[in-house]
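Reading through the structure tokens given below for one structure.
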Amino acid sequence: MPKLVETIDHGPIRELRLARPPVNALDPALSGELAAAVAAASAPGSGVAGLVLSGGPKVFSAGLDVPYLVSLGADRGALRAAWEAFFLAARAIAQASVPVVAALAGHAPAGGCVLALCCDYRVMASGPYAIGLNETQVGLVAPEGIQHLMRRVVGPYRAERLLIAGELVQADAALAMGLVDELVDIDSVATRARVWLEQLLALPRQPMLETRRIARADLVAALEPERIELDRFIDAWYSDDTQSALRALMLKLGK
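Be aware that the sequence shown starts at 25, since it is given in our numbering, and climbs by one per residue.
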């Protein structure tokens with residue numbers, strides 16, 4: 025069975041490439057494999073000094089696999105397990121003991137944006153590619169902890185406007201507001217991510233890592249279970265508003 029996360033080593037930098045075509049939709053298998061790959065790279069003695077998280081082409085990740093989630097119907101346990109797998113992957117990135125750069129060679133909506141926000145730095149392809157948390161457009165409420173991830177990079181008021189509208193922004197607008205850190209040609213995204221990491225890794229290692237740990241403590245705390253309130257999220261999934269929006273999305277997807 026093909027791997028859902030490809031591992032490519034560039035010296036001490038390891039690239040983890042999402043490999044579930046066509047859009048790297050995050051089902052439990054992909055989420056679980058990603059969490060395990062990040063944990064393995066973060067383990068003492070792994071020899072990995074930094075990570076690049078990539079996807080594409082043209083789509084980094086379209087977020088959670090909504091058709092799969094809808095197919096679970098009233099199986100609340102299976103639905104909860106699917107979301108838990110996703111948040112496990114997000115926590116693995118946030119808690120990684122080495123820096124992680126998101127190489128966004130395409131669109132990164134919803135769960136794709138969450139993974140990117142958990143990284144230390146975001147390099148995105150210039151062009152007609154979008155990123156953001158569009159949960160309200162499909163009838164979902166982003167948990168408080170996820171909203172915190174957006175606030176910490178674009179500021180409270182800008183995050184409020186984006187989150188309430190469920191707005192996806194184009195790459196140039198994402199750069200202007202700080203949602204991503206750099207734009208480069210689509211073929212250069214992963215390379216530029218590695219170059220940024222190489223520059224960071226040239227610093228004295230322990231001071232850099234300890235400063236990073238302190239600076240990212242709020243990000244790690246935001247993904248704790250009490251900030252996600254998964255039971256409340258699952259309850260809301262079965263609400264009339266959400267189910268109606270999900271049905272509309274499924275019709276749009278032709279599923």
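Where is the CB? At the ideal position from N, CA and C, for every residue including glycine.
Limits of the beta strand (DSSP E) - the one that Leu207 falls within
By one-based count along the sequence shown, residue 207 stands at place 183. Residue range Glu206 to Val208 is occupied by the beta strand (DSSP E) that includes Leu207.
Assign Pro81 to one of three DSSP states: helix, strand, or coil.
Here residue 81 refers to the residue found at position 57 when the sequence shown is read from its first residue. Here DSSP, grouped into helix, strand and coil, assigns Pro81 to coil.
Let me know the secondary structure DSSP gives Ala269 once reduced to three states.
Within the sequence shown, residue 269 is the residue found at index 245, counting from 1. If DSSP states are grouped into helix, strand and coil, Ala269 belongs with the helices.
Going straight from the alpha carbon of Leu233 to that of Val122, what length do you get?
Against the sequence shown, residue 233 aligns to sequence position 209. Against the sequence shown, residue 122 aligns to sequence position 98. Each residue's Cα considered, the two are about 7 Å apart.
Is the region 216-223 in contact with the region 82-94, if contact means three or more CB pairs nearer than 8 Å?
Pairwise C-beta distances place the region 216-223 out of contact with the region 82-94, as fewer than three of them are shorter than 8 Å.
For Glu39 and Leu227, what's the separation of their Cα atoms in angstroms?
Counted from its first residue, the sequence shown places residue 39 at position 15. Counted from its first residue, the sequence shown places residue 227 at position 203. Rounded to the nearest angstrom, the two C-alpha atoms are 20 Å apart.
Would Pro81 pass as an interface residue toward chain B - the criterion being a Cβ-Cβ separation below 8 Å?
The chain inventory of the structure shown lacks chain B, comprising one protein chain alone.
Let me know if Ser95 comes out buried or exposed under the rule of 16 or more other beta-carbons within 10 Å of its beta-carbon.
Within the sequence shown, the letter at position 71 stands for residue 95. Exposed, because fewer than 16 other Cβ atoms sit within 10 Å of the Cβ of Ser95.
Would you list, in sequence order, the uninterrupted beta strand (DSSP E) runs of no fewer than 3 residues that lie entirely inside the region 193-271?
List check, beta strand (DSSP E) in window: 206-208.
Pick helix, strand or coil for Pro133, following the three-state DSSP scheme.
Along the sequence shown, read from residue 1 onward, the residue named residue 133 stands at position 109. If DSSP states are grouped into helix, strand and coil, Pro133 belongs with the strands.
Alpha carbon to alpha carbon, what distance is there between Val83 and Leu192?
Taking the first residue of the sequence shown as 1, we reach residue 192 at position 168. Taking the first residue of the sequence shown as 1, we reach residue 83 at position 59. So the two alpha carbons sit approximately 14 Å from each other.
On a Cα-Cα basis, can you pick out the residue from Ser85, Leu270, Arg236 and Leu207 that is closest to Pro45?
Reading the sequence shown from its first residue, position 21 is the one you call residue 45. Here the closest residue by C-alpha is Ser85.
Which word fits Arg115, buried or exposed, when buried means at least 16 other C-beta atoms lie within 10 angstroms of its C-beta?
Counted from its first residue, the sequence shown places residue 115 at position 91. Around the beta carbon of Arg115, 16 or more other beta carbons lie within 10 angstroms, which makes this residue buried.
In the DSSP assignment, what are the bridge partners of Met148?
Translated into positions along the sequence shown, residue 148 becomes position 124. Met148 is bridged to Leu128 and Leu207.
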